[in-house]
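Data first, discussion second: the structure below is written as structure tokens.
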Ligand code: SF4
Ligand code: SF4
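In structure tokens form, the structure reads like this:
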């Protein structure tokens, strides 16, 4: 507890509103009759369904398979029958639908029917590391703090480089959200087991479990476990201290450079619920099929509830007292970074940490102009110029937006929060990012089409001339891009390893 803490740029001191739920034990709810499982609940490529309509599936069975390095499996959260594969409302700022597996739930089974493989971290640490990595990947675990990045990829990248510090992030800096605080109190032994296991797995020199300074109950529960596998550090409750890069700065004084990842400076950060999910996957073979969700705000039975992935938001809210959509709106996430759920039929996913019910403003504020007061600048934890980013985003000047480091924006909402003109700055930034990403995808598709056309043309002329040598050289050329790319990746990894060794 003597570690020197550091300040990050900007940030805000916010009212926490956590007392509404943090002292209430996590509770189960009745399961819905139907679950909707989006095939993309994570960063990366969507999984591909591996079940057919009418097929009976068992709890924990694979229903959609990862098809790429950065992708993730999806499992059935309950026994049931696949009713359809169709587009369905999902939690997304655009309100667009996405492909889901509709599962008619037949009955519920308890986790303990799944094979126990030995819950003791010491037993697990006698296995080859790749066995544990494989179990994590097979369990479909993504970052449960909201990022949704596949956990096995993050840890695999960590295994390629030296890890100085493993940070277990239990800092829920957004108001209202307490699901991780409850988890750390109620499953402290699993947090400790997970931290011990993962520290060994990524061969980290040190491990820190970070919590907020006013979380006395949590501190007490973890301290009771008396583990020397990690340091328990309480950090000041300044928003967004729980954001990955800001937490690294607070704990180590280091800054992750623009465009870099924490592992580039020898640090791996994992959310505390992710750590528990990893431990349960490694020790018991449990796939990720449920999570704790905070239900808070203007609702009669707030608390933390254990929900099956795929449970409709409406069902969860009905179990917590219900809400009136005419007078209230629901956010997925907290008041700063949350996105409005436009259709409450949308299901809970692996990254849904909070459902926040807020009263609708009777009259939405008229969008006002930027008065160039500059209030948004000092609160930005990244040191960006939000008002300039706003101008670039509004005028769709993608080059200017990228020059202003739009993609470094962590969408924390600090700038919007203080803006006297109530300009929804983050909405502009999200929209600009997704527009640029779609442009990049279009450009990549156009490049790919052009390349294929050129290859086709060259093949035609090669076959016309029946020149065997030419065909051989064409095969080399077409393979060159792939092999060049592979070489570049290997070189980059080797360079990074070398850097870390110095
Ligand atoms: S939303 Fe982006 S620009 Fe605004 S304060 Fe946060 S990081 Fe800075
Ligand atoms: S706080 Fe709002 S009004 Fe002031 S400079 Fe920033 S965007 Fe403009």
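In the working numbering, the protein residues as written are 21 to 522.
For every residue, glycine included, the Cβ atom is placed at its ideal position computed from N, Cα and C.
Predicted model, so just to flag it, every value in this text is computed and none were measured.
Terminal residues of the continuous alpha helix (DSSP H) containing residue i?
i, result
"residue 206", "199-206"
"residue 152", "149-158"
"residue 173", "171-180"
"residue 396", "396-399"
"residue 142", "141-144"
"residue 337", "333-339"
Mind checking whether the beta-carbon of residue i lies closer than 7 Å to any heavy atom of ligand 1?
i, result
"residue 445", "yes"
"residue 431", "yes"
"residue 144", "no"
"residue 371", "no"
"residue 399", "yes"
"residue 434", "yes"
"residue 404", "yes"
Taking 7 Å as the cut-off, does the CB of residue i come closer than this to any heavy atom belonging to ligand 2?
i, result
"residue 439", "yes"
"residue 391", "yes"
"residue 408", "no"
"residue 396", "yes"
The beta strand (DSSP E) with residue i in it runs from where to where?
i, result
"residue 254", "251-255"
"residue 326", "323-328"
"residue 104", "99-109"
"residue 85", "82-85"
"residue 185", "185-189"
"residue 351", "348-352"
"residue 196", "That residue, residue 196, is in no beta strand (DSSP E); it is neither H nor E in DSSP."
"residue 56", "54-58"
"residue 376", "374-379"
"residue 230", "226-232"
Return the chain-ordered list of same chain residues with a C-beta closer than 6 Å to the C-beta of residue i, the five sequence neighbours on each side being excluded.
i, result
"residue 38", "198"
"residue 63", "168 and 169"
"residue 60", "66"
"residue 353", "374"
"residue 263", "430"
"residue 501", "Because the pLDDT at residue 501 is just 41, under 50, the model does not fix this residue reliably, and the value given afterwards should be weighed accordingly. Cβ within range, chain order: n/a, list empty."
"residue 497", "The predicted position of residue 497 is uncertain, since its pLDDT is 33 and thus under 50; a value taken from the coordinates is nonetheless stated next. No residues qualify anywhere along the chain."
"residue 492", "Reliability of the predicted coordinates at residue 492 is poor, the pLDDT of 35 falling under 50, and the value obtained from them is presented with this limitation in mind. Cβ within range, chain order: n/a, list empty."
"residue 256", "233"
"residue 184", "225 and 286"
"residue 23", "253"
"residue 44", "323"
Our contact map puts residue i next to residue j with C-beta atoms below 8 Å; I'd like the distance itself, whole angstroms only.
i, j, result
"residue 406", "residue 432", "Contact flag wrong, Cβ pair sits at about 11 Å."
"residue 427", "residue 377", "Wrong, their Cβ atoms sit about 32 Å apart, outside the cutoff."
"residue 448", "residue 414", "6 Å"
"residue 187", "residue 287", "6 Å"
"residue 238", "residue 231", "5 Å"
"residue 110", "residue 69", "Actually they do not touch by this definition, with Cβ atoms about 15 Å apart."
"residue 424", "residue 294", "With a Cβ gap of about 32 Å, residue 424 and residue 294 do not count as contacting."
"residue 196", "residue 32", "At roughly 15 Å, the Cβ-Cβ gap does not stay under 8 Å, so residue 196 and residue 32 are not in contact."
"residue 80", "residue 307", "5 Å"
"residue 97", "residue 328", "4 Å"
Would the C-beta of residue i count as close to ligand 3, meaning under 7 Å from any of its heavy atoms?
i, result
"residue 449", "Ligand 3 is absent from the structure shown, which contains only ligand 1 and ligand 2."
Can you list, in chain order, the residues of its chain whose CB lies under 8 Å from that of residue i, leaving out five sequence neighbours each side?
i, result
"residue 91", "62, 64, 65, 66, 67 and 170"
"residue 101", "74, 75, 76, 77, 123, 124 and 126"
"residue 394", "407"
Enumerate in chain order the residues of its own chain whose CB-to-CB distance from residue i is below 7 Å, with the five nearest sequence positions on each side excluded.
i, result
"residue 341", "319, 320 and 321"
"residue 152", "144, 221 and 302"
"residue 86", "67, 92 and 93"
"residue 166", "353, 371 and 373"
"residue 441", "388, 389, 390 and 391"
Are the C-beta of residue i and some C-beta of chain B separated by less than 8 Å?
i, result
"residue 233", "The structure shown has no chain B; it contains just one protein chain."
Note to self: So within the segment 243-321, which uninterrupted beta strand (DSSP E) runs reach at least 3 residues, ignoring any that extend past its ends?
What the structure shows: When DSSP assignments are scanned along the segment 243-321, the uninterrupted stretches of beta strand (DSSP E) that are 3 or more residues long and fall wholly within it turn out to be 251-255, 287-291 and 310-317.
Item checked: Contiguous alpha helix (DSSP H) assignments of at least 4 residues, all confined to the segment 412-450 -> 418-423 and 434-438, all fully within the segment 412-450.
Margin query: If we require 3 or more residues per run, which beta strand (DSSP E) segments fall completely within the segment 23-69?
Written below: Those beta strand (DSSP E) runs which fall completely within the segment 23-69 and span 3+ residues are 54-58.
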